[in-house]
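Residue numbers are given in this note's numbering: position 62 of the sequence shown equals residue 62, and the series is strictly consecutive.
Only one structure is covered here, and it is reproduced in the block below.
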Amino acid sequence: FDEEWLTWANILQKKQDELFWDKASGGYFFSERQGSLLPGRNKKFEDNARPNSNAVSALNLLKLYNFTLHNPYVDKAKTIFTLAGKMMSQSHNAFAQMFIALDFYLDTSKEVVVVGTKQSNEKDAVIGMLRTEFLPNKTVGYISPEFKSSFPVFENKVTAEGRTIVYVCENNVCKFPTEDLNKARQLVKENKEYSLN
């Protein structure tokens, strides 16, 4: 994990908003605001051969929010869900990526912060577990103890004596940190129960 990539993703999201966001009714246009040779600007919400760009953007916005706590990201994602909602209820199969993003929003997403030295085997084991197991609706960040981050998700996340510590948080409220890989797995796997009633 390199914070440079997270910073770049944040800058890229702001550029996407500037060029493609529909300021009048929300959602992302398929083409940029000006200079397009296309006769009109359209917006789509259903998947085709590739996942839909509005759906991918909604998930990106929600994950970036977990790192930045920048409320407009959540507001934009909610607008996308509202715009796609009626279509989603009529044609489920065409909106797989949008349902993934909506699940991330409706579930209690987890922010997982791993604090440890770059050479730590324990850090590598935790990050390996988080990457290989199916643990949906999480954002994962790593920070070394000597690095000071500008992102709120990393604030007050410390370790001692070179140990690897895992913080599992929900809505920026963290549970008691742990060094135990199995405990970290259990905390990340706790999911919200849904009812169809």
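By construction, the Cβ of each residue, glycine as well, lies at the ideal position given by its N, Cα and C atoms.
Just so we're clear, the structure is a prediction, and the values are computed from it rather than from any experiment.
A Cβ-Cβ separation of about 6 Å places K110 in contact with E170 under the 8 Å criterion. Taken in chain order, the whole beta strand (DSSP E) runs of length 3 or more contained in the region 145-189 are 165-170.
For K138, the uninterrupted beta strand (DSSP E) segment begins and ends at 138-143.
Taking K43 as the centre and dropping the five residues before and after it, the same chain places the C-beta of G27, F29 closer than 6 Å to its C-beta, in chain order. Counting along the chain, E111 sits inside the beta strand (DSSP E) bounded by residues 110-115.
Runs of the alpha helix (DSSP H) lying entirely within the region 30-113, each at least 4 residues long, are 53-68, 71-90, 96-106 in chain order. Straight-line spacing of the CA atoms in G141 and V114 works out to 6 Å. CA-CA distance, D75 to G85, rounds to 15 Å. Bounds of any alpha helix (DSSP H) do not take in F134, whose DSSP letter is neither H nor E.
Contact check for A58 and A101: beta-carbon distance about 4 Å, within the 8 Å limit, so the pair qualifies.
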